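In the UniProt record's numbering, the protein residues as written are 1 to 233.
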């Protein structure tokens with residue numbers, strides 16, 4: 001009987017509300033996981049900056065390379081922080097959507113009809129464009145359209161590079177701030193003084209450590225970027 005009712009008349013307002021709230025909770029849990037992963041990635045990146053700085057002081061022959069690495073890791077830390085800030089903002093917007101949806105259904109129960117909400121539509125369209133939420137937010141928007149809370153869904157997914165894009169000059173200034181914050185009392189070379197192609201130290205028979213360390217740094221950086229990209233997708 002219930003199945004026949006749903007087939008002819010569709011879900012009840014209470015069922016629509018439960019479905020919308022379930023989708024909102026699902027998105028919130030995903031954002032919480034992403035934020036936790038970004039916190040861990042941020043901590044690891046700070047440690048890599050400290051390790052590279054210590055190596056620069058400990059081994060003068062690797063100082064130029066190690067200082068360059070601290071700047072590379074600092075740029076990655078900036079990217080992680082920007083993404084963390086964006087996801088935190090998205091979570092707050094999602095919480096706002098949840099409250100507005102519940103208010104809309106409550107008004108429907110009182111007035112017997114539901115009104116379109118431009119506020120919800122604006123917030124949902126913003127969240128739909130984010131790579132982390134595209135799929136489930138589209139599903140939520142469809143449920144909200146069925147319920148009559150929003151009218152339409154607009155906008156394409158934003159590109160990750162577009163979300164994180166910033167001028168090189170401004171980015172270098174931000175890198176200096178990050179290094180000053182992470183290293184504190186340790187002295188860092190400004191961007192303009194970091195050699196673009198540091199001279200390789202004279203080879204020492206049987207010494208392979210510099211090459212191994214360089215390879216390790218590149219591998220770690222590749223792993224970090226892979227994790228960051230995985231969080232975006």
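Here a beta-carbon is modelled for each residue, glycine too, at the ideal position from N, C-alpha and C. As the structure is a prediction and not an experimental result, all values here were calculated from the model.
Quick check: the region 25-34 against the region 88-105, are at least 3 beta-carbon pairs closer than 8 Å?
A contact between stretches requires three or more CB pairs, one per stretch, nearer than 8 Å, and the region 88-105 meets this requirement with the region 25-34.
Taking 8 Å as the cut-off, decide whether the C-beta atoms of residue 35 and residue 87 are in contact.
Counted from its first residue, the chain shown places residue 35 at position 35. Counted from its first residue, the chain shown places residue 87 at position 87. Yes; because the gap between Cβ atoms is below 8 Å, this pair is in contact.
Extent of the continuous alpha helix (DSSP H) run through residue 23
For the purposes of this step, residue 23 is taken as the residue at position 23 of the chain shown. Residue 23 -> alpha helix (DSSP H) spans 13-58.
Excluding the 5 residues preceding and the 5 following residue 19 in the sequence, name in chain order all residues of the same chain whose CB lies nearer than 6 Å to its CB.
Reading the chain shown from its first residue, position 19 is the one you call residue 19. Taken in chain order, the residues that qualify are 143.
Separation of residue 101 from residue 251, as counted between CA atoms:
Here the chain comprises residues numbered 1 to 233, so residue 251 is not present and cannot be evaluated.
Neighbour-count burial assignment, residue 95, 16 or more Cβ in a 10 Å radius
Position 95 of the chain shown, counting from 1, holds the residue named residue 95. The residue is exposed, with fewer than 16 neighbouring Cβ atoms inside 10 Å.
Exposure label - residue 181; buried when at least 16 CB within 10 Å
Reading the chain shown from its first residue, position 181 is the one you call residue 181. By the 10 Å Cβ count, residue 181 comes out exposed.
Run the CB neighbour count on residue 200, radius 10 Å, all protein chains shown included, and call it buried at 16 or more, exposed below.
Along the chain shown, read from residue 1 onward, the residue named residue 200 stands at position 200. Bear in mind that the predicted position of residue 200 carries a pLDDT of just 46, short of 50, making it too unreliable to give a figure here.
For the alpha helix (DSSP H) containing residue 140, list its first residue and its last residue.
On the chain shown, position 140 is the one that residue 140 refers to. From DSSP, the alpha helix (DSSP H) with residue 140 extends over 134-147.
Take the Cβ of residue 25 as the centre, count every other Cβ of all protein chains shown within 10 Å, and call the residue buried at 16 or more, exposed below.
Position 25 of the chain shown, counted from the first residue, corresponds to residue 25. Burial state of residue 25 is exposed, judged by a 10 Å Cβ sphere holding fewer than 16 other Cβ atoms.
Restricting to Cα atoms, I'd like to know which of 74, 53 and 73 is closest to residue 64.
Taking the first residue of the chain shown as 1, we reach residue 64 at position 64. Among 74, 53 and 73, the Cα nearest to that of residue 64 is on 53.
Reducing DSSP to helix, strand and coil, say where residue 87 ends up.
Residue mapping note: residue 87 aligns to position 87 of the chain shown, counting from 1. Residue state, collapsed to three classes: helix.
What are the start and end residues of the alpha helix (DSSP H) that includes residue 127?
Working through the chain shown from its first residue, we reach residue 127 at position 127. Residue 127 -> alpha helix (DSSP H) spans 118-128.
Inter-residue Cα distance where the pair is residue 81 and residue 172:
Within the chain shown, numbered from 1, the residue matching residue 81 stands at position 81. Within the chain shown, numbered from 1, the residue matching residue 172 stands at position 172. When rounded, the distance between both Cα atoms is 15 Å.
Is residue 110 helix, strand or coil when you go by DSSP?
By 1-based counting over the chain shown, the position of residue 110 is 110. DSSP places residue 110 in the helix class (H, G or I) of the three-state scheme.
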